[in-house]
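For the sequence shown, full-length UniProt numbering assigns the number 1 to the initial residue and increments by one for each residue that follows.
For glycine and all other residues, C-beta sits at the position ideal for the given N, C-alpha and C.
Beneath this line is the structure, given in structure tokens, with notes to follow.
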Amino acid sequence: MFETFAALAEPNRFRIVELLRAGPRPVSDIGERLHLNQPQVSKHLKVLKEAGLVDVQPRAQQRLYELKAQPLRELHEWLERYRQLWDARFDAMDELLEELQHKEKGHGRKPKQ
Numbered sequence: 001m002f003e004t005f006a007a008l009a010e011p012n013r014f015r016i017v018e019l020l021r022a023g024p025r026p027v028s029d030i031g032e033r034l035h036l037n038q039p040q041v042s043k044h045l046k047v048l049k050e051a052g053l054v055d056v057q058p059r060a061q062q063r064l065y066e067l068k069a070q071p072l073r074e075l076h077e078w079l080e081r082y083r084q085l086w087d088a089r090f091d092a093m094d095e096l097l098e099e100l101q102h103k104e105k106g107h108g109r110k111p112k113q
């Protein structure tokens, strides 16, 4: 999973992944859409491929790059654990705020705005 984070940390690679969400694309199309030259795109795609985020399929004279779901699924599952933790903490904070508001109303004070 570290490789996934490292690969996605670079803004152009993140943009390539976002672009590939719509489907497989050749290097030339990726470069054109993201305003990058072919060597830059190829270098970024190599890193994404080594991280397991993309796969390449040769078609005639082109190579089409497409996303691989598994690393992204693993990243989602890992992040989901933290989302659940934060949801529980926000729920506890909401309960505390409601309790404090109830106490302020009970003492005849107006809640601060």
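Please name the residue, chosen from F90, P71, V17, R15, that lies closest to M1 on a Cα-to-Cα basis.
For this step, residue 1 is matched to residue 1 along the sequence shown. Closest by alpha carbon: P71.
Can we say the segment 91 to 102 touches the segment 10 to 29, given the rule of at least three CB pairs closer than 8 angstroms?
Judged by Cβ distances under 8 angstroms, the segment 91 to 102 makes no contact with the segment 10 to 29, as fewer than three pairs qualify.
R21 beta carbon less than 8 angstroms from that of L75:
If you number the sequence shown from 1, residue 75 lands on position 75. If you number the sequence shown from 1, residue 21 lands on position 21. Taking a C-beta distance under 8 angstroms as the contact criterion, L75 and R21 do not qualify as a contact pair.
Could you pull out every residue in the same chain whose Cβ sits closer than 6 angstroms to the Cβ of R15, ignoring the five residues on either side in sequence?
Against the sequence shown, residue 15 aligns to sequence position 15. Result list for R15: L34, in chain order.
Assuming Q40 is part of the alpha helix (DSSP H), what are its boundary residues?
One-based indexing of the sequence shown puts residue 40 at position 40. Unbroken alpha helix (DSSP H) run through Q40: 38 to 50.
Consult DSSP for E10 and reduce its assignment to one of helix, strand or coil.
Mapped onto the sequence shown, residue 10 falls at position 10. DSSP places E10 in coil when its eight states are reduced to three.
Can you say whether G31 is buried or exposed, counting buried as having 16 or more other CB atoms within 10 angstroms of its CB?
Counted from its first residue, the sequence shown places residue 31 at position 31. Buried, by the Cβ-count rule.
Assign H44 to one of two classes, buried (16 or more other C-beta atoms within 10 Å of its C-beta) or exposed (fewer than that).
Taking the sequence shown and counting its residues from 1, one reaches residue 44 at position 44. It counts as buried.
May I ask which residues mark the beginning and end of the beta strand (DSSP E) holding L67?
Position 67 of the sequence shown, counted from the first residue, corresponds to residue 67. Element bounds for L67: 62 to 67.
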